[in-house]
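First up is the structure itself, then whatever we jot down about it.
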Amino acid sequence: MEDAQLYVSANGLQRRDALLVLSEYLPQMEWKEDGETVLDVGCGSGDVTRNLLVPLLPQVKQVVGVDLSQEMVTYASKTFHHDSINFHQLDIERAVQPRQVFPDGFTKVFSFYCLHWVQEQRSCLNNIYQLLQPGGEALLVFLAKNPLFTMYQNMSLKTRWQQYMKDVKSYISVYQDKTDPAQVMADLAEDVGFQILSCEAPELEFVFDNINYLKNAIKAVNPFLKRIPKEDQEAFLKECLAELVLLQGCQQEDGSAVARYNLMIAHLHRSQ
Ligand SMILES: C[S@@+](CC[C@H](N)C(=O)[O-])C[C@H]1O[C@@H](n2cnc3c(N)ncnc32)[C@H](O)[C@@H]1O
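When we follow my numbering, the leftmost residue of the sequence shown carries the number 691, and every step to the right adds one.
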């Protein structure tokens with residue numbers, strides 16, 4: 691996903707969840723009086739970092755937002771400038787020795803709606819561990835399970851679209867088929883060295899007031915769309931939407947659409 695402008699206009703669900711989780715978890719975290727150094731992994735367009743995270747942080751010295759996509763980083767730097775925030779390009783999955791990039795590390799690491807894009811969860815968690823100072827805390831929030839991923843799978847089997855979706859597996863949350871995704875994540879995080887303060891994957895609901903809002907939300911995060919010839923993109927999106935509605939039975943009589951999914955919320959501590 692690289693269309694930052696579209697994402698900012700269609701990320702109501704992601705913003706709702708960031709707010710929900712921050713309201714519950716920020717009061718549970720320990721805050722240093724002399725201010726915190728904060729990392730936001732997968733900051734995307736930067737609006738959640740700038741407009742939700744930073745205003746809610748009780749103590750902050752410096753915030754860094756990192757993202758895989760240079761286009762997102764450039765957009766975030768231009769559009770969501772703030773004296774305490776810097777945006778950088780970084781792949782949290784493939785980075786080697788990230789402390790060479792950020793030698794002082796961070797006292798808090800946040801991540802919203804990013805880690806379901808990461809297949810190598812161990813290396814990603816290990817990098818987050820390395821980037822945290824001893825005593826630091828991480829709050830990682832992402833999709834554990836979502837019918838959206840089943841929709842991608844089903845679309846990739848269709849003759850018309852399969853050529854554009856050969857790598858569909860790499861866009862599906864690794865927790866999608868797990869019976870107890872939170873336990874799998876907790877076990878992995880513990881193995882990497884974290885103390886698990888809590889890890890859960892509750893089912894949440896979000897109501898899109900009309901089906902077009904859902905269509906835009908799907909469009910904004912769809913990793914396959916840009917591979918499809920322009921003249922076929924609308925047909926692809928319509929089929930994605932129809933497939934999702936079929937899977938979820940999510941369209942209501944009043945025209946609204948309900949999305950149901952499991953959100954991973956992992957609150958982790960690095961003790962040394
Ligand atoms: C759906 S956006 C979320 C943006 C923002 N955090 C929010 O909550 O609105 C997911 C972002 O994760 C980024 N991303 C995906 N894989 C990544 C990786 N390995 N390292 C860093 N960022 C990654 C994508 O480029 C994208 O901008």
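By construction, the Cβ of each residue, glycine as well, lies at the ideal position given by its N, Cα and C atoms.
All of these numbers come straight from a predicted model, not from anything done at the bench.
Of the candidates Ala-891, Val-791, Gln-823, Lys-868, Gln-823 places its Cα closest to the Cα of Lys-722. Cβ atoms of His-778 and Val-756 come within 8 Å of each other, at about 5 Å. Restricting attention to Leu-838, Lys-868, Asp-870, Leu-878, the CA atom closest to the CA of Lys-905 is found in Leu-838. In the same chain as Gly-795, and ignoring 5 residues on each side of it, the C-beta atoms closer than 7 Å to its own belong to Arg-789, Leu-821, Leu-822, Gln-823, in chain order.
Taking 8 Å as the cut-off, the C-beta of Tyr-854 does not count as close to any heavy atom of ligand 1.
For Ser-735, the closest of Asp-693, Leu-878, Arg-850 by C-alpha to C-alpha distance is Asp-693. Cβ contact annotation for Glu-880 (same chain, cutoff 7 Å, sequence separation greater than five): Ile-886, in chain order. With contacts defined as CB atoms closer than 9 Å, Met-954 and Ala-834 qualify as a contacting pair. Here His-771 is exposed. Its C-beta has fewer than 16 other C-beta atoms within 10 Å.
Annotated three-state conformation of Lys-768 is helix, per DSSP. 9 Å or more divides the Cβ of Leu-746 from the Cβ of Ser-774. Distances between the C-beta of Asp-737 and the heavy atoms of ligand 1 include at least one below 8 Å. Closest in alpha carbon position to Cys-814, among Gly-732, Leu-936, Leu-743, is Gly-732. At least one heavy atom of ligand 1 lies less than 8 Å from the C-beta of Asp-757. Short of 6 Å from the beta carbon of Val-698, and not among the five residues preceding or following it, lie these beta carbons of its own chain, in chain order: Ser-735, Asp-737. Spatial neighbours of Ala-910 in its own chain (CB-CB distance under 8 Å, excluding positions within 5 residues in sequence) are listed in chain order as Met-691, Asp-693, Leu-696, Tyr-697, Ser-699, Ala-700, Asn-701.
Within the same chain, and ignoring the five residues on either side of Val-808 in sequence, the residues whose Cβ sits closer than 6 Å to its Cβ are Glu-783, Cys-814.
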